[in-house]
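Q:
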Amino acid sequence: MTLRRLLSSTLPLILLAGCGFAPVYAPASSGTPMSQLGQIYVAVIPDRTGQELRQALQVRLEGSGAPSSKSYTLKISYGISTSGIGIDPSTDVTFMRYQGQANWQLLSAVPGTPPLVSGLASAQDGYSVIVNQYFYQSLETDALYQRMANNLADQIVVRLAAYFHDKDKVAQK
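2 is the number of the first residue of the sequence shown in the working numbering; add one for each residue after it.
#1: Look at the alpha carbon of residue 29 and the alpha carbon of residue 167, and state the distance between them as a whole number of angstroms.
#2: Give the single residue among 123, 72, 109 whose Cα lies nearest to the Cα of residue 78.
#3: Closest to residue 162 by C-alpha separation, out of 107, 46, 80, 52, would be which residue?
#4: Does DSSP classify residue 44 as helix, strand or coil?
#5: Indicate the three-state DSSP secondary structure (helix, strand or coil) for residue 92 in the structure shown.
#6: How big is the Cα-Cα spacing for residue 57 and residue 85?
#7: Within the continuous beta strand (DSSP E) that includes residue 125, where are the two ends?
#8: Measure the alpha-carbon distance for residue 134 versus residue 141 and round it to whole angstroms.
#9: Could you tell me the distance, in whole angstroms, from the CA atom of residue 75 to the CA atom of residue 38?
#10: Hey, out of 48, 82, 41, whose CA is closest to residue 125's CA?
#11: Quick one: Cα of residue 1 to Cα of residue 100, how far?
#12: Opposite residue 104 in the DSSP bridges: which residues?
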């Protein structure tokens, strides 16, 4: 019975390794997408919400390794819009929806070159409003901004990793 368990747990891993699967967040070694992600400098993004997005990206891109030389710059324009979508009979808003969009471009460190890759990441979040509970709303908004920054950072890093993975596959051919 233990042989069956061993085979059932290791067989999927062997099959994944055979088809070229490599986890994005694996420890960085030269030539892997994660090592190239560590070479990206995230440009300053204005406002507090931009700072949270930049910090979330830096954590994901640099990982636990020492900062390496930066060969790329990631420029982002980031904005959040809000709308009250739940309104009760007394015209008080009961639910707030926040939509965040981050337009990003990956640039080479060589000045004057066109963007290597660009994209749009978007996220949506919200919370229920408790009327006259301003402290609650402030805390919930701060938590929402952090969740949105994490969500957008994840989307951007996955796209960047896919770009570097595809670039490496083309270079190997």
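Note that beta-carbon positions come from the ideal geometry of N, C-alpha and C, so glycine has one too.
A: For this structure:
#1: For residue 29, the predicted model reports a pLDDT of 47, less than 50, meaning its position is unreliable and no value from the coordinates is stated.
#2: Looking at the Cα atoms, 123 is the closest of the given residues.
#3: 107
#4: In the three-state reduction of the DSSP assignment, residue 44 falls in the coil class.
#5: coil
#6: 27 Å
#7: 118-129
#8: 11 Å
#9: 10 Å
#10: 82
#11: Absent from the structure is residue 1, since the part of the chain shown begins at 2 and ends at 174.
#12: Its beta-bridge partners are 78, 121.
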